[in-house]
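Q: Handing you a structure now.
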Amino acid sequence: MTVKPHSVVLGAGPMGRAIADRLVAQEEAVTIVTRDGRNIGPGIASLKADLSSLEQTIAACTNADVIYQCAAPPYHQWTIAFPAIQEAAIAAAEASGAVLVAVENLYGYGRAGTLTEDMPLSAMTRKGALRARLSEELMSANAAGRARCVAGRATDFFGPGVHMSALGERFWPAVLSGKTVDWIGDPDAPHSFAYLSDLAAAYVALGKTPSTWGQAWHLPALPPITAREICEMARPSGAPPAKFRQTSSWLLHAVGLFQPAAGEMVEMRYMFDNALITDHTRFDATVGTPISGWNEAIAETVEWWQKQTLKAAG
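Residues in the sequence shown are numbered consecutively from 199, following our numbering.
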């Protein structure tokens with residue numbers, strides 16, 4: 199009797215759910231661990247644990263072959279809560295012998311432009327400096343033989359079910375209703391965006407490719423594009439071109455008094471004021487998971503947001 203690989207996904211945000219769905223589609227055993235242990239969907243087991251607790255996280259991952267660390271604290275609590283979550287994930291990988299696949303972003307570089315994996319992690323922002331430190335600690339744990347670890351660094355992503363993103367709940371409803379789009383930064387600056395299902399496939403591939411372990415990888419993104427071009431591609435037939443309203447830093451600070459996550463965006467706006475291009479040629483040459491096209495990704499995302507609008511109206 200063949201025993202299915204068992205993957206444990208920490209966190210049930212859009213990325214965690216997408217990775218779990220990918221694993222289920224490959225007929226693998228998968229468990230999602232969340233603070234409340236809620237049911238996620240068919241074919242996915244659920245466990246309840248405080249993912250900042252070493253003991254609870256280790257217990258939740260006892261039988262894991264691969265651990266996907268997708269958990270993240272609320273955006274405004276990153277610097278306080280993230281270190282404990284990562285330390286617990288590393289401890290769980292050490293105790294179980296599982297491979298730890300860490301979901302990372304590009305904050306650690308602290309710069310815009312074209313980004314490659316060999317650039318130093320020299321961010322001076324609070325969240326960027328934290329991301330750099332966590333990434334270095336992850337690789338140190340691997341180098342010391344404490345745990346097998348691999349990091350996938352993803353650019354801003356979007357897709358069905360993704361609300362908290364530049365291309366999320368403040369973007370698509372405005373585009374589809376013909377309203378002015380609030381945008382942080384320059385809507386004409388080229389930007390690498392990734393499609394959620396493409397990233398899920400890439401993270402799963404990292405967990406299955408030993409030659410990638412012990413390293414950080416830029417994951418596949420769609421060809422660079424501007425926010426204005428995305429709006430044009432998604433614009434309903436007969437609707438006028440989208441109008442943009444650039445969100446100022448002072449407004450983000452003001453809104454942040456009531457919505458802390460908004461205030462946390464101020465230090466990251468350099469990523470949208472300038473071109474931001476993710477170079478993922480190394481991953482493509484080594485692993486080479488396929489990616490969607492812009493037309494497909496936008497069509498599926500627009501369809502999902504249209505359904506949400508109908509549900510809200512009904």
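Ideal Cβ positions, reconstructed from N, Cα and C, are used throughout, including at glycine.
Can you give the beta carbon distance from S294 to C259, rounded, assuming they're within the 8 Å contact cut?
A: One-based indexing of the sequence shown puts residue 294 at position 96. One-based indexing of the sequence shown puts residue 259 at position 61. Sure, about 5 Å apart at Cβ, within 8 Å.
Q: Since R351 sits in a beta bridge, which residues does DSSP pair it with?
A: Here the question's residue 351 lines up with position 153 in the sequence shown. R351 is bridged to E302 and H416.
Q: Whole angstroms is fine: what's the gap from V464's alpha carbon to I242's?
A: Position 266 of the sequence shown, counted from the first residue, corresponds to residue 464. Position 44 of the sequence shown, counted from the first residue, corresponds to residue 242. Cα to Cα, the separation comes out at about 37 Å.
Q: DSSP on H361, reduced to helix/strand/coil?
A: Taking the sequence shown and counting its residues from 1, the one referred to as residue 361 is at position 163. Reduced to three states, the DSSP call for H361 is coil.
Q: Could you pull the start and end residues of the beta strand (DSSP E) that T476 belongs to?
A: If you number the sequence shown from 1, residue 476 lands on position 278. That run of the beta strand (DSSP E) goes L474 to T476.
Q: Flag this pair as yes or no: are the beta carbons of L249 and L208 separated by less than 8 Å?
A: Position 51 of the sequence shown, counting from 1, holds the residue named residue 249. Position 10 of the sequence shown, counting from 1, holds the residue named residue 208. Cβ distance < 8 Å, so L249 and L208 count as in contact.
Q: Give a yes or no on contact between the stretch 412-419 and the stretch 376-383, applying the rule of three or more CB pairs nearer than 8 Å.
A: No, the stretch 412-419 does not touch the stretch 376-383.
Q: Tell me the residue span of the alpha helix (DSSP H) that contains R443.
A: Here residue 443 is taken as the residue at index 245 of the sequence shown, counted from 1. Here R443 belongs to no alpha helix (DSSP H); instead the beta strand (DSSP E) covers F442 to Q444.
Q: Report buried or exposed for K325, applying the criterion of at least 16 other Cβ atoms within 10 angstroms of its Cβ.
A: Taking the sequence shown and counting its residues from 1, one reaches residue 325 at position 127. It is buried - the Cβ of K325 has at least 16 other Cβ atoms within 10 Å.
Q: Can you give me the C-alpha to C-alpha distance between R236 and G436, rounded to a whole angstrom?
A: Indexing the sequence shown from 1 puts residue 236 at position 38. Indexing the sequence shown from 1 puts residue 436 at position 238. Cα to Cα, the separation comes out at about 43 Å.
Q: CB A432 to CB I496, shorter than 8 Å?
A: Taking the first residue of the sequence shown as position 1, residue 432 is located at position 234. Taking the first residue of the sequence shown as position 1, residue 496 is located at position 298. Yes, the Cβ-Cβ distance between A432 and I496 is below 8 Å.
Q: From P371 to N340, what distance separates their C-alpha atoms?
A: Locating residue 371 in the sequence shown gives position 173, counting from the first residue. Locating residue 340 in the sequence shown gives position 142, counting from the first residue. Using only the alpha carbons, I get a separation of about 43 Å.
Q: Among residues of its own chain, excluding the 5 on either side of M213, which ones have a beta-carbon nearer than 6 Å to its beta-carbon?
A: Within the sequence shown, residue 213 is the residue found at index 15, counting from 1. Here the set comprises C268 and V301.
Q: What are the boundary residues of the alpha helix (DSSP H) that V228 is part of?
A: In the sequence shown, the residue the question calls residue 228 occupies position 30. Segment A227 to T232 is the beta strand (DSSP E) holding V228; no alpha helix (DSSP H) there.
Q: Please list the terminal residues of the continuous beta strand (DSSP E) segment that includes D180.
A: The first residue shown for the chain is 199 and the last is 512, placing residue 180 beyond what the model contains.
Q: Have a look at T232, S363 and A310 and flag the residue whose alpha-carbon is nearest the alpha-carbon of M469.
A: Mapped onto the sequence shown, residue 469 falls at position 271. Residue A310 is the option with its Cα nearest to M469.
Q: Let me know the beta strand (DSSP E) ranges lying completely inside the stretch 275-329, each 3 residues or longer, listed in chain order.
A: The qualifying runs are 297-302 and 311-313.
Q: Helix, strand or coil for K505 per DSSP?
A: Counting from 1 along the sequence shown, the entry for residue 505 is found at position 307. In this structure, K505 counts as helix in the three-state DSSP scheme.
Q: Going by DSSP in three states, M199 sits in which element: helix, strand or coil?
A: As a working note, residue 199 is residue 1 in the sequence shown. Any reading at M199 must be qualified, since the residue scores a pLDDT of 43, below 50, and its modelled position is unreliable; the value itself is stated next. M199: coil per DSSP, three-state reduction.
Q: With a threshold of 6 Å on Cβ separation, who are the neighbours of A218 within its own chain once the five nearest residues in sequence on each side are excluded?
A: Along the sequence shown, read from residue 1 onward, the residue named residue 218 stands at position 20. Hits under 6 Å: V207, V228, I230 and I242.
Q: Cα separation between A510 and L374?
A: Position 312 of the sequence shown, counting from 1, holds the residue named residue 510. Position 176 of the sequence shown, counting from 1, holds the residue named residue 374. Between A510 and L374, the C-alpha separation is close to 15 Å.
Q: Between K202 and chain B, is there a C-beta pair that is closer than 8 Å?
A: This model lacks chain B altogether, as it is built from one protein chain only.
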